[in-house]
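Protein chains: 2
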Amino acid sequence: MSVDERREQLIAVALELFSRRPPEEVSIDDIAAAAGASRPLVYHYFPGKQALYEASLRRAGRELSARFEEPAEGPLSERLYRVMGRYLDFVQSHGPGFAALLRGGSVAASAGTSAVIDDVRRAAHDQILAHLAIPAPSPGLRLTVRAWIANAEITSLEWLAERSVPLEELQLHLVQEFVASLTLTAAREPALAAELSSFFADERPDGPTGRLVQDLAGLFAVPGILDAVTALTAGAPTTEAPATDEPASAPVDEPSAQATEGWAATSHE
Amino acid sequence: MSVDERREQLIAVALELFSRRPPEEVSIDDIAAAAGASRPLVYHYFPGKQALYEASLRRAGRELSARFEEPAEGPLSERLYRVMGRYLDFVQSHGPGFAALLRGGSVAASAGTSAVIDDVRRAAHDQILAHLAIPAPSPGLRLTVRAWIANAEITSLEWLAERSVPLEELQLHLVQEFVASLTLTAAREPALAAELSSFFADERPDGPTGRLVQDLAGLFAVPGILDAVTALTAGAPTTEAPATDEPASAPVDEPSAQATEGWAATSHE
């Protein structure tokens, strides 16, 4: 093996070990043994375990960032769904060892590891903004994207620890939460509304956004919910706020056409 | 000063210093000087800077958890809004020094600091579930609450670094994002739908949820959006998916009553 090949091989072996176990449970001897190398040879390439840990984290970061690459084709939610599939696959294979680092409780945390994590978050952020294709994204939209990335990180780490829902559900839910966050941001920022219109027009009924809309339609068909929500619009016929400390009585059903008039009548122009 | 008083005073002084600067920029000498104590006296109480850092972080964690306490009175979004006001006030006063720790890039991170952070997150999670008052919350709902806590953490840390939006906006948006996440979770989990009905019935038009609903109503009044969304419901009159790779053409306007029939017709019962 050449010097470069040996170095890359040691990083690959270290990444494999560090992906499975926390850094305090991986020794230079473990890495040497798994690489078929001697301990002095490992030290010849890396000054110590921390350097090897950071090199393997850098490689993991590059691998993860590469998974964010996605052609700008098809409905946005379906692109994001494919990206999340690759991301969650990565979390499954590399997450166990790096979870403590991401949660802020790893002894191996350093300025070096922090820089790698920041780079990956920035790559995710930039990819999403590129797919949104919105010229000059507002600070509010950038914050929405960053918050959603944090959501994806934490949710997938929680999932890794408990696996309380099927992975495919998580994949779908994360995408749908992005769609919801984007819609909320557009509701606050009129300049985004036109973008949202073409976003929804590009989506398909059987994609993540379509399924979200159908689930919400099902929810609002549950007696009482649409009426309670409609009562919250300022221009709605029934603007009387219910008593706040008492249990809510079921609101009287109204024809949904009338309920919608209340929604549509409230314009923020 | 008694032994206990002196100990508490040192922690208070350390917390003040560690809240403003990263731990590597605070020395035992700084703490001794600010406390009007000698360096040996500080070492008499604490074996070193890390121990003092962890003690001050524990106190910060207790202070923060206490801010989550809120009487179970009034609309839920208004309770959460008050809590977020106190939380963001804490972030402003203590965040600068602990931001690196929460972001996972602090040299002072340890099993001890990790335990404190986990305790605070758990306190936030338990408080929210207590206010929701939902018996036996599902794994999906718990995940939603945890993800939203992560959202609040990251968003407020980002805000601290950039202050790109007014703090009051952030306070409102975080609460509204919780309401949206809760609604999404209920859309996926029919058992939650009844809870959501009484949640909305308790809300007021001028509260965070009311303002969110009004903003969304304004958004859906923008030409094209409601129609594009309605087209995504399986039972809608226009279920034809638009071509996905081409820019969306503006959908034809339809009376909103008809659009709503599409929504309401899609039931998941």
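Protein chains in written order, with the working numbering: chain Z, 28 to 296; chain C, 28 to 296.
Note that the Cβ used here is the ideal one computed from N, Cα and C, for glycine as well.
Note that the structure is a prediction, hence the values are computed from the model and not measured.
Asked                                                                                                                      : Found
Straight-line Cα distance separating Z:T257 from Z:T287                                                                    : Low confidence applies to Z:T287: its pLDDT is 35, below 50, so where it sits in the model is not reliable enough to give any reading.
Against chain Z: residues of the stretch 234 to 254 of chain C by CB proximity under 9 Å                                   : G234, T236, G237, R238, L239, V240, Q241, D242, L243, A244, G245, L246, F247, A248, V249, P250, G251, I252, L253 and D254
CB contact below 7 Å: Z:A151 versus chain C                                                                                : no
Chain C within 7 Å of Z:I181, Cβ atoms only                                                                                : yes
C:T260 in three-state terms, based on DSSP                                                                                 : coil
Cα-Cα separation between Z:R85 and Z:L103, rounded to whole angstroms                                                      : 29 Å
C:V192 at chain Z interface by Cβ criterion, 7 Å                                                                           : yes
Exposed unless 16 or more other CB atoms sit within 10 angstroms - verdict on Z:G75                                        : exposed
Three-way DSSP call (helix, strand, coil) for Z:R190 in this model                                                         : coil
Neighbouring residues, chain C, relative to Z:G167 (Cβ below 9 Å)                                                          : S191, V192, E196 and H200
Simplified DSSP state of Z:L69, which is helix, strand or coil                                                             : Reading off the sequence, residue 69 of chain Z comes out as Val, not Leu. Residue state, collapsed to three classes: helix.
Interfacial residues, the stretch 111 to 137 of chain C to chain Z, with Cβ spacing under 8 Å                              : A127, L128, L129, R130, G131, G132, S133, V134, A136 and S137
For C:F95, the three-state DSSP class (helix, strand or coil)                                                              : coil
CB of Z:L219 within 7 Å of CB of Z:A228, strictly                                                                          : no
Own chain partners of C:A313 with C-beta closer than 8 Å, once the 5 adjacent residues on each side are dropped            : Nothing can be reported for residue 313 of chain C: it is not among the residues displayed for chain C, which extend from 28 to 296.
Start-end ranges of the alpha helix (DSSP H) lying completely within the stretch 188 to 242 of chain Z, minimum 4 residues : 194 to 215 and 217 to 229
Contact belief for Z:E97 with Z:R109 at Cβ below 8 Å, rounded distance in angstroms                                        : 6 Å
Cβ of Z:R148 within 7 Å of any chain C Cβ                                                                                  : no
Backbone CA spacing between C:P49 and Z:E105 [nearest angstrom]                                                            : 42 Å
Local conformation of C:V110 per DSSP, three classes                                                                       : helix
Neighbour flag for C:F227 against chain Z, beta carbons, 7 Å                                                               : yes
C-alpha distance - Z:L194 paired with C:L184, whole-angstrom precision                                                     : 29 Å
Opening and closing residue of the alpha helix (DSSP H) in which C:S46 lies                                                : V30 to R47
Collapsed DSSP secondary structure at Z:E185 in the structure displayed                                                    : helix
Spatial distance of Z:E230 from C:L199 (CA atoms)                                                                          : 29 Å
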